[in-house]
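Remarks on the structure that follows.
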Amino acid sequence: MTLPVKNMVFPMILLRLAEWLVYKLLANSCYRAAMKVKNSGFFFRNSSFRSSHPISLYPSINKCNLHGRKSETVACDIQGTLLRSESFFPYFMLVAFEGGSIFRAFFLLLSSPLLLVLDYELKLRAMIFITFCGLRLKDMDSVGRAVLPKFYLENLNVHVYEVLKSAGCRVVFTSVPRVMVEGFLKEYLSVDSVKGTELQTVGSYFTGLVSSSGILVKHRAIKEFLGEKKPDIGIGNSSLHDHLFISLCKEAYVVNKEDEKSSSILAREKYPKPLVFHDGRLAFLPTPFATLAMFIWLPIGIVLAIFRLFIGICVPYKIAIFLGSLSGVQLRLKGTDPPRSENGKGVLYVCTHRTLLDPVFLSTSLGKPLTAVTYSLSKMSEILAPIKTVRLTRSRSKDAEAMQRLLSEGDLVVCPEGTTCREPYLLRFSSLFAELADEIVPVAMNTNVSMFYGTTASGLKCLDPIFFLMNPRPSYTVEILGKVPKELTCAGGKSSHEVANYIQRQLAAALGFECTNLTRKDKYLMLAGNEGVVDNQDSRIVVNPN
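Letter by letter, the sequence shown follows residues -27 to -1, 1 to 519 of mature numbering (1 follows the signal peptide of the UniProt record, and there is no 0).
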């Protein structure tokens, strides 16, 4: 007579834990014994033969010759090879937080101690289940397109990337879910084929389970994919599984821990494709300890954000700056405010657009009320704004009339990019503002955050100011560049496009940013997919020739 399956679960768990305990005890005992023999010089009496580093069967990736590889094929993994970090937990956390919810992310964090005692396959299956169970396919697509590439690029192993770039054909085999890495590898690194673990789906949702093919085993997958043909170059790490994988290649190289430490961060100008836009709230790589710190900070940050909002709305400017600095907000003002125009019209401040709070921080730093015009603003942000805000209609004639009227009443703030950009780039400036005012003051604004981004393309925009103010020490830099000379305005004979391009270049130079011809439409196509997926030609960065 057989026991029911449910009665076998608990004994199997106990057996699994006992097996792990015995394995650990035996492994540690054998390791200590081996180290004693090694240190005593039993095998090598001559101390010159001793080494503090394990001997690898394969040469380091630094030894790989990069010349003449255009006709060759390279095979590697992304986990622990192409990426410097061996743990893939932070990227599962990004999917859980940005694509799922804060509750899913918290549950994944709670499971992290349990993951330490599981073997690799069980650990991977557990993270997949928690992260993907009930997750919509379109949410994973959004995170893969708009969130993950930034963190992958910042964590690339430069040595492996250079080898990958030198080869003509690139193939990646990985045990992590294919949907988490394929978009980035093909879009940014021009990888020809990606073989990873496939996930089960039901309709438009993930089940959280691995498909019938199971967790991908690299040395089996490379045989199935290439048959008898061997890749010219194989790159792996120092694990036994990777040694088996790269042994099937003509040349094999490994990434040692020393290589990971010596590998510098890939400079932004060397990115295979410029990273102009990205989405998501998290501004840090969510390792277990960093994520734990975020959850501990969260209730404090919410209270702090409410307090900062209160002083921004209800307190006079000078006191607000003082109390804001005590709460951790850093506001730096460079330059001086020019005098008001003598013709009775207000000054038009032209700002770079980093968050919805740009006009608020400009008004606070100048110590005077300003009116801000915006193209899109949530009702919540409109209610909480401590300055007057006016919505534009995107009808050129109506917007021009409204801005002329506001300038006759006082000073006006406009962000001609039309949308925010987090990275060191300026989007194309709308030229409408240049047709309306002769007294134009460019203002270079920049922000810095450490925990949460205060902008979003696909999330709730009404929470943007809250997320920005929840950061422990958010900072704003406001640099007033002085009035544009009259001969460089429309009143001096310049066209509105020439004026807009001139101010864009001036602000970019002050911030050390790069000018582009990308627009608000490009941003939302690339991040939110509101009007479909942009093809490669449309999504590339175009440097403004003007």
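Backbone N, C-alpha and C fix where the C-beta goes; we use that ideal spot for every residue, glycine too.
{"Check": "How would you label Gln477, buried or exposed, when you count the other beta carbons within 10 angstroms and need 16 or more for buried?", "Outcome": "buried"}
{"Check": "How should Thr147 be labelled, buried or exposed, when 16 other C-beta atoms within 10 angstroms of its C-beta is the threshold for buried?", "Outcome": "buried"}
{"Check": "From the DSSP output, read off the bridge partner residues of Thr420.", "Outcome": "Tyr449"}
{"Check": "Can you tell me where the alpha helix (DSSP H) with Val133 in it begins and where it stops?", "Outcome": "Val131 to Ser139"}
{"Check": "Where does Phe268 land, buried or exposed, given buried means 16+ other C-beta within 10 angstroms?", "Outcome": "exposed"}
{"Check": "Over what stretch of residues does the beta strand (DSSP E) that includes Lys361 continue unbroken?", "Outcome": "Lys361 to Arg364"}
{"Check": "Under the assumption that Ala45 contacts Ala140 (Cβ atoms under 8 Å), give the Cβ distance between them as a whole number of angstroms.", "Outcome": "The amino acid occupying residue 45 in the given sequence is Glu; Ala does not appear at that position. Right, the Cβ-Cβ distance comes to about 5 Å (below 8 Å), so this counts as a contact."}
{"Check": "The alpha helix (DSSP H) with Ala119 in it runs from where to where?", "Outcome": "Leu110 to Ala119"}
{"Check": "Just the C-alpha distance for Ile439 and Asp215, rounded to the nearest angstrom, thanks.", "Outcome": "45 Å"}
{"Check": "Relative to the C-alpha of Phe157, which candidate in Ser404, Phe283 and Pro245 has its C-alpha closest?", "Outcome": "Pro245"}
{"Check": "Given a cut-off of 7 Å, decide if Cys435 and Cys388 are closer than it, judged by their beta-carbon atoms.", "Outcome": "no"}
{"Check": "Provide the residue span of the beta strand (DSSP E) that contains Phe146, from first to last.", "Outcome": "Cys142 to Pro150"}
{"Check": "If you drop the 5 nearest sequence neighbours on each side, which residues of the same chain put their C-beta closer than 6 Å to that of Gln173?", "Outcome": "Thr180, Leu182 and Ser184"}
{"Check": "What residues in its chain sit with their C-beta under 6 Å from that of Cys106, if we drop five residues either side in the sequence?", "Outcome": "Gly181"}
{"Check": "Can you check which of these residues, His470, Lys467 and Ser336, is closest to Ala358 by C-alpha distance?", "Outcome": "Ser336"}
{"Check": "Buried or exposed for Arg18, going by 16 or more other Cβ atoms inside 10 Å?", "Outcome": "Model confidence at Arg18 stands at a pLDDT of 36, short of 50, so the residue's coordinates are unreliable and nothing is read from them."}
{"Check": "How would you call Ser21, buried or exposed, if buried means at least 16 neighbouring beta carbons within 10 angstroms?", "Outcome": "Reliability of the predicted coordinates at Ser21 is poor, the pLDDT of 36 falling under 50, and no value is obtained from them."}
{"Check": "Near Leu53, which residues of its chain fall below 6 Å by C-beta distance, leaving aside the five closest residues on each side in sequence?", "Outcome": "What sits at residue 53 in the sequence shown is Gly, not Leu. So the qualifying residues of the chain are Glu59 and Asn210."}
{"Check": "Between Asp205 and the rest of its own chain, which residues show a CB-CB distance below 6 Å, the 5 nearest in sequence each way excluded?", "Outcome": "Glu45, Thr46 and Lys223"}
{"Check": "Leaving out five residues on either side along the sequence, give the residues of the same chain with a beta carbon under 8 Å from the beta carbon of Arg369.", "Outcome": "Leu405"}
{"Check": "Evaluate contact between the stretch 377 to 397 and the stretch 484 to 496, counting only Cβ atoms and requiring at least three cross-stretch pairs below 8 Å.", "Outcome": "yes"}
{"Check": "Contact defined as beta carbons within less than 8 Å: I believe Tyr64 pairs with Ala256. What is the distance between those atoms, to the nearest angstrom?", "Outcome": "Their Cβ separation, rounded to whole angstroms, is 15 Å, which puts Tyr64 and Ala256 out of contact at 8 Å."}
{"Check": "On the DSSP letters alone, give me the boundaries of the beta strand (DSSP E) that Val387 sits inside.", "Outcome": "Leu385 to Val387"}
{"Check": "What residue does the beta strand (DSSP E) around Leu277 start on, and which one ends it?", "Outcome": "Not the beta strand (DSSP E): Leu277 falls in the alpha helix (DSSP H), residues Pro261 to Cys287."}
{"Check": "Out of Thr347, Met443, Val451 and Val457, which one is the CA nearest neighbour of Arg305?", "Outcome": "Val451"}
{"Check": "Could you give the first and the last residue of the continuous alpha helix (DSSP H) run that contains Ala482?", "Outcome": "Ser469 to Leu484"}
{"Check": "Out of Ser448, Ile413, Ser469 and Glu408, which has the shortest C-alpha to C-alpha gap to Leu385?", "Outcome": "Ile413"}
{"Check": "From Tyr322 to Asn490, what does the alpha carbon distance come to, in whole angstroms?", "Outcome": "21 Å"}
{"Check": "Please classify Pro312: is it buried, with 16 or more other beta-carbons within 10 angstroms of its beta-carbon, or exposed?", "Outcome": "exposed"}
{"Check": "Taking all protein chains shown into account, decide if Phe283 is buried (16 or more other Cβ within 10 angstroms of its Cβ) or exposed.", "Outcome": "exposed"}
{"Check": "List the DSSP bridge partners of Asn210.", "Outcome": "Val228"}
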